[in-house]
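S.K.: At position 58 of the sequence shown the residue is numbered 58 (the UniProt record's numbering), and the sequence of numbers has no breaks. Here it is, the structure, as structure tokens.
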Amino acid sequence: MVRQSPPIDLSIPYDAAWVKGKTILITGGASGFGAGFVRKWAANGATVIFGDINVEKGDKLARDVQKETGNNNVHFVYCDVTDWQSQVNLFKAAVKLSPHGGIDTVVANAGIAGNDPIQQPGNMDVAEPAKPDFKVADVNFNGVMYTTHLAFFYLPRNPGSKDCSTNSDPATTPRDRHLLFLGSLASLAPFPIQPQYGAAKHAVLGLFRSLRSSSFVQGVRVNLLCPYFIDTPIVTTAARVVLAGSALGKVEDVVDAGTRFTADSRILGRSLVIGPKVNVKQLENGEWVLVAKDSPEGQERAVWEAYAEDWEDSDAFCRALVGILNAAQKARGWTGWAKDMVGAVAYGLGFNRG
Ligand SMILES: NC(=O)c1ccc[n+]([C@@H]2O[C@H](COP(=O)([O-])OP(=O)(O)OC[C@H]3O[C@@H](n4cnc5c(N)ncnc54)[C@H](O)[C@@H]3O)[C@@H](O)[C@H]2O)c1
Numbered sequence: 001m002v003r004q005s006p007p008i009d010l011s012i013p014y015d016a017a018w019v020k021g022k023t024i025l026i027t028g029g030a031s032g033f034g035a036g037f038v039r040k041w042a043a044n045g046a047t048v049i050f051g052d053i054n055v056e057k058g059d060k061l062a063r064d065v066q067k068e069t070g071n072n073n074v075h076f077v078y079c080d081v082t083d084w085q086s087q088v089n090l091f092k093a094a095v096k097l098s099p100h101g102g103i104d105t106v107v108a109n110a111g112i113a114g115n116d117p118i119q120q121p122g123n124m125d126v127a128e129p130a131k132p133d134f135k136v137a138d139v140n141f142n143g144v145m146y147t148t149h150l151a152f153f154y155l156p157r158n159p160g161s162k163d164c165s166t167n168s169d170p171a172t173t174p175r176d177r178h179l180l181f182l183g184s185l186a187s188l189a190p191f192p193i194q195p196q197y198g199a200a201k202h203a204v205l206g207l208f209r210s211l212r213s214s215s216f217v218q219g220v221r222v223n224l225l226c227p228y229f230i231d232t233p234i235v236t237t238a239a240r241v242v243l244a245g246s247a248l249g250k251v252e253d254v255v256d257a258g259t260r261f262t263a264d265s266r267i268l269g270r271s272l273v274i275g276p277k278v279n280v281k282q283l284e285n286g287e288w289v290l291v292a293k294d295s296p297e298g299q300e301r302a303v304w305e306a307y308a309e310d311w312e313d314s315d316a317f318c319r320a321l322v323g324i325l326n327a328a329q330k331a332r333g334w335t336g337w338a339k340d341m342v343g344a345v346a347y348g349l350g351f352n353r354g
């Protein structure tokens with residue numbers, strides 16, 4: 001069922017100018033990756049409408065980018081992703097501000113991290129449990145689900161867009177239907193100190209994997225960015241202390257990976273992991289190893305498609321399992337079907353309930 005393009009050959013360049021003329025909506029665009037996307041895509045001629053709860057930063061960024069790039073199609077709209085109506089207002093504003101009346105790419109980027117009460121037992125002298133604040137899950141997952149639903153409302157209505165295709169020509173495909181998720185390395189690996197963040201980012205991964213097998217119905221392509229720790233305000237001082245000694249990644253490398261996805265309309269259902277730049281070489285068995293910075297056989301890289309094969313293995317496993325279950329169903333034949341139907345009707349009438 002998985003509809004995806006082949007693994008991305010990162011040695012093949014893309015042209016950032018392919019975003020020219022596209023209308024792009026970004027949530028949480030006032031800082032970090034979002035702000036990086038706004039700058040890069042506006043500089044390359046896209047219309048960018050970004051939402052955020054930080055009005056001061058958002059307004060300033062829109063003004064600065066307009067001035068720096070000469071592109072007046074850069075707009076900030078207040079948006080709290082946890083509030084449905086606030087997200088609706090952002091999408092409506094984007095359609096209104098879009099020179100062609102549609103949206104080509106939606107980036108579900110807004111996110112927060114921080115103190116996670118989920119594992120905290122609280123004051124041991126208090127007998128009654130207090131209701132915890134699950135804001136991290138609310139922003140990082142419920143907010144993303146609202147964005148996803150709105151993307152599936154507006155992207156198929158993008159005038160002049162066609163169903164996404166691995167055969168499209170990015171240089172001549174200005175109208176697109178693209179949803180880009182911000183996962184994390186915490187989508188793929190445990191995140192011990194912040195289980196709520198880890199769970200929310202795993203949920204984003206689940207959303208992406210479920211959609212990439214079905215979004216072809218609406219002609220929408222979905223892709224996922226999974227950054228490692230990158231130098232933005234979301235990484236707290238405490239985290240920086242814990243991480244001391246291992247370099248943080250750079251926003252520009254996340255922007256590079258996000259621009260490849262947004263610019264290249266041939267990429268469907270893929271994910272990229274972004275970390276700090278390292279000098280590496282690939283062995284014959286496929287394994288990557290670190291080499292000295294000046295080594296002639298090394299290459300510098302920050303972007304990887306490290307986990308794609310894992311997913312393909314588990315997707316292939318599920319497909320094989322469903323195949324076996326379908327074969328078992330066939331072997332039971334019409335007698336098995338009739339037996340189950342009698343059971344289902346009896347259940348509906350209130351019989352045989354545990
Ligand atoms: N920086 C990292 O190390 C890292 C790693 C992996 C994934 N990510 C993810 O990347 C995304 C962007 O993070 P960043 O590193 O740029 O952080 P950031 O803090 O610089 O930017 C996040 C933006 O989201 C906004 N925001 C927060 N709550 C919001 C809400 N309710 N509604 C709308 N906007 C809201 C903030 O005001 C901020 O401008 C997040 O989803 C984050 O989880 C970051």
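Note that CB positions come from ideal geometry on N, CA and C, so glycine has one too.
(1) Quick one: using the 10 Å Cβ neighbour count with 16 as the cut-off for buried, is G70 buried or exposed?
(2) Going by the C-beta, is A203 closer than 8 Å to any heavy atom of ligand 1?
(3) Run through DSSP, which three-state label would P227 get?
(4) Could you tell me if N72 is buried or exposed, where buried requires 16 or more neighbouring beta carbons within 10 angstroms of its beta carbon?
(5) Jot down the residue ranges of each uninterrupted beta strand (DSSP E) in the region 156 to 240, minimum 3 residues, whole runs only, in chain order.
(6) Could you tell me whether the region 107 to 124 touches the region 192 to 202, using the rule of 3 or more Cβ pairs below 8 Å?
(7) Would you kindly report the start and end of the unbroken alpha helix (DSSP H) that includes D59?
(8) For P227, count the other beta carbons within 10 Å of its own beta carbon; 16 or more makes it buried, fewer makes it exposed. Which is it?
(9) Using DSSP with H/G/I as helix, E/B as strand and the rest coil, what is P280?
(10) Could you check whether the Cβ of N109 sits closer than 8 Å to any heavy atom belonging to ligand 1?
(11) Within a Cβ cutoff of 6 Å, which residues of the same chain sit near I26, ignoring the five residues on either side of it in sequence?
(12) Cα-Cα, which of L179, L61, G21 is closest to R47?
(13) Report yes or no: do three or more beta-carbon pairs, one from the region 96 to 104 and one from the region 150 to 158, lie closer than 8 Å?
(14) Can you name the residues that DSSP bridges to A263?
(15) Looking at the unbroken alpha helix (DSSP H) that takes in M269, where does it start and where does it end?
(16) Any idea what DSSP makes of I118, helix, strand or coil?
(17) Tell me whether L179 is buried or exposed, calling it buried when 16 or more other Cβ atoms sit within 10 Å of its Cβ.
(18) Please return the same chain residues whose Cβ sits closer than 7 Å to the Cβ of A263, not counting the five positions on each side in sequence.
(19) Specify whether the region 232 to 245 and the region 259 to 277 touch according to this definition: at least 3 beta carbon pairs, one from each stretch, less than 8 Å apart.
(20) Could you check whether N223 and residue 429 sit closer than 9 Å to each other, using their CB atoms as the reference points?
(21) If you measure from the CB of A186, is any heavy atom of ligand 1 nearer than 8 Å?
(22) Would you tell me roughly how many angstroms separate the C-alpha atoms of L290 and W304, rounded to the nearest one?
(23) Give me whichever residues DSSP pairs with L25 in a beta bridge.
(24) Between the Cα of F141 and the Cα atoms of F208, K131, A93, which residue gives the shortest distance?
(25) Just how far apart, CA to CA, sit A344 and F351?
(26) Ligand 1 heavy atoms versus the CB of K60: any closer than 8 Å?
(27) Shortest alpha-carbon distance to A137 belongs to which of S246, K201, F153, A93?
(28) Hey, G58 and I234: beta-carbon distance below 9 Å or not?
(29) Would D294 pass as a contact of K277 if the rule is Cβ separation under 9 Å?
(30) For S161 and W84, I'd like the C-alpha separation in whole angstroms.
(31) Which of the three DSSP states is assigned to Y14 in this structure?
M.R.: Result, derived from the coordinates:
(1) Reading the sequence shown from its first residue, position 70 is the one you call residue 70. G70 is exposed by the Cβ-count criterion.
(2) Counted from its first residue, the sequence shown places residue 203 at position 203. No, Cβ of A203 sits at least 8 Å from all heavy atoms of ligand 1.
(3) Sequence index remark: in the sequence shown, residue 227 carries index 227 (1-based). Correct three-state label for P227: strand.
(4) What you label residue 72 is simply residue 72 of the sequence shown in a count that begins at 1. With fewer than 16 other Cβ atoms within 10 Å, it is exposed.
(5) 178 to 182, 221 to 227
(6) yes
(7) As a working note, residue 59 is residue 59 in the sequence shown. Looking at the DSSP string, the run of the alpha helix (DSSP H) that includes D59 is 55 to 69.
(8) Taking the sequence shown and counting its residues from 1, one reaches residue 227 at position 227. P227 comes out buried.
(9) The residue given as residue 280 occupies position 280 in the sequence shown. Sequence inspection shows Val at residue 280; the Pro mentioned does not correspond to that position. Strand at V280.
(10) Taking the sequence shown and counting its residues from 1, one reaches residue 109 at position 109. Under cutoff, so the answer is yes.
(11) Within the sequence shown, residue 26 is the residue found at index 26, counting from 1. Result list for I26: G34, F37, F50, V107, N109, in chain order.
(12) Here residue 47 refers to the residue found at position 47 when the sequence shown is read from its first residue. This sequence places Thr at residue 47; Arg is not what is there. Of the candidates L179, L61, G21, the one whose C-alpha sits nearest the C-alpha of T47 is G21.
(13) yes
(14) Taking the sequence shown and counting its residues from 1, one reaches residue 263 at position 263. Per DSSP, none; premise fails for A263.
(15) As a working note, residue 269 is residue 269 in the sequence shown. Checking the sequence, you will find Gly at residue 269 rather than Met. Unbroken run through G269: none, as it is neither H nor E.
(16) By 1-based counting over the sequence shown, the position of residue 118 is 118. It is helical.
(17) Within the sequence shown, numbered from 1, the residue matching residue 179 stands at position 179. The residue is buried, with at least 16 neighbouring Cβ atoms inside 10 Å.
(18) The sequence position of residue 263 within the sequence shown is 263, counting from 1. Excluding sequence neighbours, A263 sits near Y14, D15, A16, W18, V19, P170.
(19) no
(20) The requested residue 429 does not occur in the structure, where the chain is confined to residues 1 to 354.
(21) By one-based count along the sequence shown, residue 186 stands at place 186. At least one heavy atom of ligand 1 is nearer than 8 Å to the Cβ of A186, so yes.
(22) Reading the sequence shown from its first residue, position 290 is the one you call residue 290. Reading the sequence shown from its first residue, position 304 is the one you call residue 304. If I take the Cα positions, the gap works out to 14 Å.
(23) Residue numbering aside, residue 25 sits at position 25 when the sequence shown is read from its first letter. Beta-bridge pairing links L25 to I49, V106.
(24) Residue mapping note: residue 141 aligns to position 141 of the sequence shown, counting from 1. The shortest Cα separation from F141 among F208, K131, A93 belongs to F208.
(25) Translated into positions along the sequence shown, residue 344 becomes position 344. Translated into positions along the sequence shown, residue 351 becomes position 351. Taking the straight line from one Cα to the other gives about 9 Å.
(26) On the sequence shown, residue 60 is found 60 positions in, with the first residue counted as 1. K60: no, Cβ never under 8 Å from ligand 1.
(27) Indexing the sequence shown from 1 puts residue 137 at position 137. Answer by Cα proximity: K201.
(28) As a first step, residue 58 is located in the sequence shown; it is residue number 58 there, counting from the start. As a first step, residue 234 is located in the sequence shown; it is residue number 234 there, counting from the start. No, the Cβ-Cβ distance between G58 and I234 is not below 9 Å.
(29) Walking along the sequence shown from the start, residue 294 turns up at place 294. Walking along the sequence shown from the start, residue 277 turns up at place 277. For D294 and K277, no; Cβs fall outside 9 Å.
(30) Numbered from 1 along the sequence shown, position 161 holds the residue referred to as residue 161. Numbered from 1 along the sequence shown, position 84 holds the residue referred to as residue 84. The straight-line gap from Cα to Cα measures roughly 26 Å.
(31) What you label residue 14 is simply residue 14 of the sequence shown in a count that begins at 1. If DSSP states are grouped into helix, strand and coil, Y14 belongs with coil.
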